[in-house]
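Data first, discussion second: the structure below is written as structure tokens.
Protein chains in written order, with the UniProt record's numbering: chain X, 1 to 145; chain H, 1 to 145.
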């Protein structure tokens, strides 16, 4: 597995071990992880810290020039909010572990010029399938359903 | 002025007084403010707490049924990230103080079924015009330019 997707998956598993929603993300700039994170809905009662948002937040304040060289990795297809964050900051490339259990606005994101790569990784799929089966209400809350 | 837009403007001024970016927001449910907030880039070094995100975060964990009855007020046209957050949670109506100094993806948001009302309030315009003239680099950082 791509080492950065592996790092995002490690974040997802950390979140699961904390009793949280198992989605992880890393922001990579110039081949280095600039920020890593996982969904914090349960842990911090957060409505905005999805994994991608947590990774962006942990990367801190960056310039447009920094984001222009970045790739955002997520174990799951980014939702409207997280896709919007990538668009705001001009992240040119997003690598997605899987989009079988949930699919964000991928066509729209591509139409705005972002390169979106879907890895379709079986470990990412299995992690989410099990979580959704076990905690469907928590999952629905997280994606606004 | 609409009392909820006035509350958002009050938040924007609080942010300015803290040395921050003067954008404020409130989330209203059933005629009551469920969460209020302002941009926290300077104050918390935050890349994700735009005003609307801060208001959503301060409203805490809500259900889809709660968001379905909500209106999000912002002193400024919501950016890609904040618009995406409204879409994620199915906020049906967004009231915007002004969109002269910055315009988010309004057509897209409308195409997704959200009612977007632009108030074009002169106080909101003046607050942002002055801020952008005084701190253009901070403003550009906040909108990813």
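Here a beta-carbon is modelled for each residue, glycine too, at the ideal position from N, C-alpha and C.
- Only those residues of the region 33-63 of chain X whose C-beta falls short of 8 Å from the nearest C-beta of chain H are listed: 41, 45, 46, 47, 48, 49, 53, 56, 57, 59, 60, 61, 62, 63.
- For the pair of segments examined, the region 71-79 of chain H was found to touch the region 15-24 of chain H: the number of CB pairs separated by less than 8 Å reaches three.
- Secondary structure at residue 98 of chain H: strand, using DSSP grouped into helix, strand and coil.
- Using a C-beta cut-off of 8 Å, the region 40-54 of chain X makes contact with the region 43-56 of chain H, since at least three inter-stretch Cβ pairs fall below that distance.
- Against residue 109 of chain X, chain H offers no close residue; the least beta-carbon distance is about 10 Å (beta-carbon pairs closer than 9 Å).
- Rounded to whole angstroms, the separation of the alpha carbons of residue 39 of chain H and residue 63 of chain X is 17 Å.
- The criterion of a C-beta distance shorter than 9 Å is not satisfied by residue 97 of chain H and residue 14 of chain H.
- Interface annotation, residue 83 of chain X: in contact with chain H, CB-CB separation under 9 Å.
- Pairwise C-beta distances place the region 113-129 of chain X in contact with the region 78-97 of chain X, as three or more of them are shorter than 8 Å.
- Contact between the region 82-92 of chain X and the region 55-71 of chain X is present: three or more C-beta pairs spanning the two stretches fall below 8 Å.
- The Cβ neighbour count for residue 83 of chain X, taken over all protein chains shown within 10 Å, is at least 16; the residue is labelled buried.
- Contact with chain X is found for residue 141 of chain H, since one of that chain's Cβ atoms lies less than 9 Å from the residue's Cβ.
- In the structure shown, the three-state DSSP call for residue 70 of chain H is strand.
- Residue 41 of chain X is positioned such that its CB atom lies closer than 9 Å to that of residue 142 of chain X.
- Beta-bridge annotation (DSSP): residue 116 of chain X is paired with X/94.
- Around the beta carbon of residue 104 of chain H, a 10 Å sphere encloses 16 or more other beta carbons of the protein chains shown; the residue is thus reported as buried.
- Listed along the chain, the chain H residues whose CB falls inside 8 Å of the CB of residue 88 of chain X are 79, 80, 81, 143, 144.
- If you draw a straight line from the Cα of residue 1 of chain H to the Cα of residue 119 of chain H, it comes to about 9 Å.
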